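A.B. asks: Can you read through this structure? Questions will come right after.
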Amino acid sequence: MIAALVIGAIIHETKKDKPKAKPKKKKPVQVREPRVPSVCAIEIEGERRNVTVYPESCLREEGFDYRLPRGCATDARIFGRPDRIYGVQCLRDAGFIVSGY
């Protein structure tokens, strides 16, 4: 029994002497999700229903640099300026993440 303890102690001590490899620091992975900025949402109240749209100019000002689906863009005037707007469902169908709707 004592021999086993001595051998275990010797093995433990020899492992201490070996230089340990330094753990590599992992670089943080930048995750880019096609999440539509919610600050750009404009709700338009209609007679039958309310519609939420996102103006292209606001999306670009917020740094949203993804390619937007031109097939569902609608030309509109937002605060007196020409712009393109995109509906929530159209953006979702194109693979964008639209929170809250």
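With the working numbering applied, the sequence shown covers 3 to 103. Idealized CB from N, CA, C, for every residue including glycine. As the structure is a prediction and not an experimental result, all values here were calculated from the model.
Which class does V100 belong to by DSSP, given the choice of helix, strand or coil?
C.D. replies: Residue state, collapsed to three classes: coil.
A.B. asks: Assign E58 to one of three DSSP states: helix, strand, or coil.
C.D. replies: helix
A.B. asks: Could you tell me the distance, in whole angstroms, from the CA atom of A96 to the CA atom of A78?
C.D. replies: Cα to Cα, A96 sits roughly 20 Å from A78.
A.B. asks: For V38, does the three-state DSSP call read helix, strand or coil?
C.D. replies: coil
A.B. asks: I'd like to know whether the C-beta atoms of P57 and I44 end up nearer to each other than 9 Å.
C.D. replies: yes
A.B. asks: Which class does R50 belong to by DSSP, given the choice of helix, strand or coil?
C.D. replies: coil
A.B. asks: Quick one: residues in its chain with C-beta nearer than 8 Å to the C-beta of D85, no 5 flanking neighbours on either side, listed in chain order?
C.D. replies: P57, E58, S59, D77, A78, R79
A.B. asks: Roughly how far, in whole angstroms, is the beta-carbon of V122 from the beta-carbon of I46, given that I think they are within contact range, below 8 Å?
C.D. replies: Residue 122 lies beyond the residue range present for the chain, which begins at 3 and ends at 103; the question has no answer from this structure.
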